[in-house]
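Engineer:
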Amino acid sequence: MTFPATPRFDVVVVGGGIVGLATAHAVARTGRSVAVLEREPRLATHQTGNNSNVIHSGLYYAPGGLKARLAVAGCAETVAFCREHDLPHQVTGKLVVATEPEELPRMAELARRGAANGVEAHELDQAEMRRHEPHVRGIAALYVPSTGICDYRAVAEKLGELVAKEGGEIQLGRSVLRLVRRREDVVVRTDGTDLLAKQVVVCAGLRGDELAKASGADPGVRIIPFRGEYAGFSARAAELVKGLIYPVPDPAFPFLGVHATRGIDGHVHAGPNAVLALAREGYSWGTIKPKELAQSLAYPGMMRLARKHWRYGLGEVHRSLSKKAMVQQIQRMLPDVQAEDLTPSGAGVRAQAVKPDGSLVDDFLFVAQGGADGERGAGSVLYVLNAPSPAATAAMPIGREILERLTGERIAPLNAA
Ligand SMILES: Cc1cc2nc3c(=O)[nH]c(=O)nc-3n(C[C@H](O)[C@H](O)[C@H](O)COP(=O)(O)OP(=O)(O)OC[C@H]3O[C@@H](n4cnc5c(N)ncnc54)[C@H](O)[C@@H]3O)c2cc1C
-14 MTFPATPRFD
-4 VVVVGGGIVG
6 LATAHAVART
16 GRSVAVLERE
26 PRLATHQTGN
36 NSNVIHSGLY
46 YAPGGLKARL
56 AVAGCAETVA
66 FCREHDLPHQ
76 VTGKLVVATE
86 PEELPRMAEL
96 ARRGAANGVE
106 AHELDQAEMR
116 RHEPHVRGIA
126 ALYVPSTGIC
136 DYRAVAEKLG
146 ELVAKEGGEI
156 QLGRSVLRLV
166 RRREDVVVRT
176 DGTDLLAKQV
186 VVCAGLRGDE
196 LAKASGADPG
206 VRIIPFRGEY
216 AGFSARAAEL
226 VKGLIYPVPD
236 PAFPFLGVHA
246 TRGIDGHVHA
256 GPNAVLALAR
266 EGYSWGTIKP
276 KELAQSLAYP
286 GMMRLARKHW
296 RYGLGEVHRS
306 LSKKAMVQQI
316 QRMLPDVQAE
326 DLTPSGAGVR
336 AQAVKPDGSL
346 VDDFLFVAQG
356 GADGERGAGS
366 VLYVLNAPSP
376 AATAAMPIGR
386 EILERLTGER
396 IAPLNAA
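The numbers in our numbering rise by one with no breaks, and the one at position 79 of the sequence shown is 64.
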């Protein structure tokens, strides 16, 4: 097969979300040439630009896993990055509130996980909890001081600026159609000029599995889009929330439960819930792509997931469609919030990998397709197939991890002394 003459890069990154940009930045820091190809006209249009903007501490994640290691590192690094580049952020701390006695053992387990991951967390009784958040109802809480808030779109845009400053190229409005691996390189077929790369990293979020398939790779999982909807608080209800208030999560799901967050702009919102999106970029019930929906529903893993968790799924749909149900959920922690205090306030769509057996992939998932000289050699492609929350927090350590997997080269964190 022949291809037209193309520009050549050491690494091409597909996807201009925070993971792709942090990866490109890590690559550029080593002096390698890099290009980022983003199909939208703007960086950070999808998960990165529509998330809760929380800098997670690393409390929740299974000790020893990638999420635990990379989120703890990323928490400190994101704060340091925002400070260095004068980006809005605040280390607010957060409360995880137990509202029922049966949640206490799960809360204690979270504290144990936190300790194993090196995350400071303090168990509070009701009176101590109320000193942090006077309007919260609960029987006990965990206080995690290192959690914070920022603006991930601004972080991603700054990373893009730094990539360009280091000589990297960012092409917006450029969709990658498929990748063709050859002995010495990879041809990146786009809707415009093709590119040649020694190696490619796919950080395509909601479309990572689709690009793997189009390129003849078996992703082994399907990305199922789960929408998370937000409800904005009225000025009156916003007075009831000082910082970040989370429920104790259900360990059966990788979602953290509907929480109240005061953002860096001072606005308070509740969310996100988790409902099946009816298109990969299905930001509302009205956005339906029958082909994509049919593909999600026909996937054996999706059927098994639905069979196992239909009750939870229906509950989430009910809370999405009924304001009364949504407010009841918030009232478990914040009883003074009323239905008239809530207005719909946008949504994000999570790219969640689901295995054929119906289980949700819990940890970050990177799948490499080796070149002639193996996974670190020319002609190799690395697919990021599961990078949901807390991948925005962990993006910079993820970028360094990917660089090491691609090239064997290790670089220091940006916040290293
Ligand atoms: C509702 C919600 C709340 C969240 N809250 C938090 C939080 O508070 N804290 C936290 O740490 N994490 C949070 N997350 C998770 C976090 O947002 C994601 O983990 C992170 O943004 C993933 O970044 P990404 O670069 O992998 O994906 P994305 O930001 O989705 O970027 C992927 C990019 O690839 C592009 N693309 C796709 N296909 C192609 C193609 N063929 N060619 C070219 N470009 C392509 C897309 O247009 C997109 O811009 C949340 C996520 C959601 C949805």
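C-beta atoms are modelled at their ideal positions from N, C-alpha and C, and glycine is treated no differently.
Does the distance from the C-beta atom of Ala125 to that of Leu80 stay below 8 angstroms?
Structural biologist: In this structure, Leu80 does not lie closer than 8 angstroms to Ala125 by Cβ.
Engineer: If you drop the 5 nearest sequence neighbours on each side, which residues of the same chain put their C-beta closer than 8 angstroms to that of Lys274?
Structural biologist: If we look at Lys274 and ignore the five residues flanking it on each side, its Cβ neighbours are Leu263, Ala264, Arg265 and Gly267.
Engineer: If I measure Cβ to Cβ from Ala199 and keep anything under 7 angstroms in the same chain, skipping five residues before and after, which residues do I get?
Structural biologist: So the qualifying residues of the chain are Leu162 and Arg163.
Engineer: Taking its Cβ as the centre, do 16 or more other Cβ atoms sit within 10 Å of Ala(-10), making it buried, or is it exposed?
Structural biologist: Bear in mind that a pLDDT of 49 at Ala(-10), under 50, signals an unreliable position, so the number given afterwards is only what the model happens to contain. That one is exposed.
Engineer: Report the option in Thr378, Arg390 and Leu391 whose CA atom is closest to the CA atom of Arg54.
Structural biologist: The option with the nearest alpha carbon to Arg54 is Thr378.
Engineer: Considering only their Cβ atoms, is the gap separating Ile134 from Ile208 smaller than 8 angstroms?
Structural biologist: No, they are not a contact pair.
Engineer: Report the option in Asp250, His107, Val334 and Leu391 whose CA atom is closest to the CA atom of Leu72.
Structural biologist: Ranking the options by Cα distance to Leu72, first place goes to Asp250.
Engineer: State the Cα-Cα distance for the pair Val57 and Gly43, rounded to the nearest angstrom.
Structural biologist: If I take the Cα positions, the gap works out to 5 angstroms.
Engineer: Could you check where the alpha helix (DSSP H) with Asp(-5) kicks off and where it finishes?
Structural biologist: No alpha helix (DSSP H) contains Asp(-5), which is instead part of the beta strand (DSSP E) from Arg(-7) to Val(-1).
Engineer: Taking 8 angstroms as the threshold, find out whether the segment 148 to 156 comes into contact with the segment 16 to 25 through three or more Cβ pairs.
Structural biologist: Because the criterion of three Cβ pairs below 8 angstroms is met, the segment 148 to 156 and the segment 16 to 25 touch.
Engineer: Is the closest heavy atom of ligand 1 to the C-beta of Glu25 under 7 angstroms?
Structural biologist: Result yes, Cβ under 7 angstroms from ligand 1.
Engineer: Between Ala372 and ligand 1, is the CB less than 7 angstroms from at least one heavy atom?
Structural biologist: At least one heavy atom of ligand 1 is nearer than 7 angstroms to the Cβ of Ala372, so yes.
Engineer: Any heavy atom of ligand 1 closer than 7 angstroms to the CB of Thr33?
Structural biologist: Yes - ligand 1 has a heavy atom lying nearer than 7 angstroms to the Cβ of Thr33.
Engineer: Pull the bridge partners of Ser365 from the DSSP assignment, please.
Structural biologist: Per DSSP, Gln184.
Engineer: Consult DSSP for Lys79 and reduce its assignment to one of helix, strand or coil.
Structural biologist: In the structure shown, Lys79 sits in a strand (DSSP, three-state: E or B).
Engineer: Compute the Euclidean distance between the alpha carbons of Arg296 and Gln314, then round it to the nearest angstrom.
Structural biologist: Roughly 16 angstroms between the two C-alpha positions.
Engineer: Would you say the beta carbon of Thr272 is closer than 7 angstroms to some non-hydrogen atom of ligand 1?
Structural biologist: Every heavy atom of ligand 1 is 7 angstroms or more from the Cβ of Thr272, so no.
Engineer: Measuring CA to CA, which of Ala139, Gly286 and Ser305 is closest to Val346?
Structural biologist: Nearest of Ala139, Gly286 and Ser305 to Val346, Cα basis: Gly286.
Engineer: Check for me: the alpha helix (DSSP H) holding Leu241 runs from which residue to which?
Structural biologist: Neither: Leu241 is in no alpha helix (DSSP H) and is coded neither H nor E.
Engineer: Which full runs of the alpha helix (DSSP H) of 4+ residues lie inside the segment 295 to 348, going along the chain?
Structural biologist: Entirely contained in the segment 295 to 348, the alpha helix (DSSP H) runs reaching 4 residues are, in chain order, 308 to 316.
Engineer: Out of Thr328, Gly228, His74 and Glu94, which has the shortest C-alpha to C-alpha gap to Lys309?
Structural biologist: For the residues Thr328, Gly228, His74 and Glu94, the minimum Cα distance to Lys309 belongs to Thr328.
Engineer: Ile404 lies in the alpha helix (DSSP H); which residues open and close that run?
Structural biologist: Not covered by the structure: residue 404. The range shown for the chain is -14 to 402.
Engineer: Taking buried to mean at least 16 other C-beta atoms within 10 Å of its own C-beta, is Leu109 buried or exposed?
Structural biologist: When all chains shown are included, Leu109 counts as buried.
Engineer: What's the gap between the Cα of Ser269 and the Cα of Val260?
Structural biologist: Near 10 angstroms, if we compare the C-alpha coordinates of Val260 and Ser269.
Engineer: Hey, how far is the Cα of Gly205 from the Cα of Lys340?
Structural biologist: Rounded to whole angstroms, Gly205 to Lys340 spans 7 angstroms at the Cα level.
Engineer: Please report the distance separating the alpha-carbon of Arg14 from that of Thr175.
Structural biologist: Each residue's alpha carbon lies about 26 angstroms from the other.
Engineer: Indicate, with yes or no, if ligand 1 has a heavy atom lying under 7 angstroms from the CB of Ala336.
Structural biologist: Result yes, Cβ under 7 angstroms from ligand 1.
Engineer: With a threshold of 7 angstroms on Cβ separation, who are the neighbours of Gly2 within its own chain once the five nearest residues in sequence on each side are excluded?
Structural biologist: Taken in chain order, the residues that qualify are Ala29, His31, Gln32, Thr33, Ala141, Cys188 and Gly190.
Engineer: Answer yes or no: the CB of Pro257 versus the heavy atoms of ligand 1, is any distance below 7 angstroms?
Structural biologist: Checking every heavy atom of ligand 1 against the Cβ of Pro257, one is found closer than 7 angstroms.
Engineer: Hey, is Ile315 close to ligand 1, as in C-beta under 7 angstroms from one of its heavy atoms?
Structural biologist: Incorrect: Ile315 has no Cβ contact closer than 7 angstroms to ligand 1.
Engineer: Using three-state DSSP, classify Leu391 as helix, strand or coil.
Structural biologist: Leu391: helix per DSSP, three-state reduction.
Engineer: So Gly99 is in the alpha helix (DSSP H); what residue range does that whole segment cover?
Structural biologist: Segment Leu89 to Asn102, the alpha helix (DSSP H) holding Gly99.
Engineer: Below 8 angstroms between beta carbons: does that hold for Lys293 and Gly343?
Structural biologist: Yes. Within cutoff.
Engineer: I need the straight-line Cα distance from Leu225 to Ala83, nearest angstrom please.
Structural biologist: In a straight line, the C-alpha of Leu225 is about 18 angstroms away from that of Ala83.
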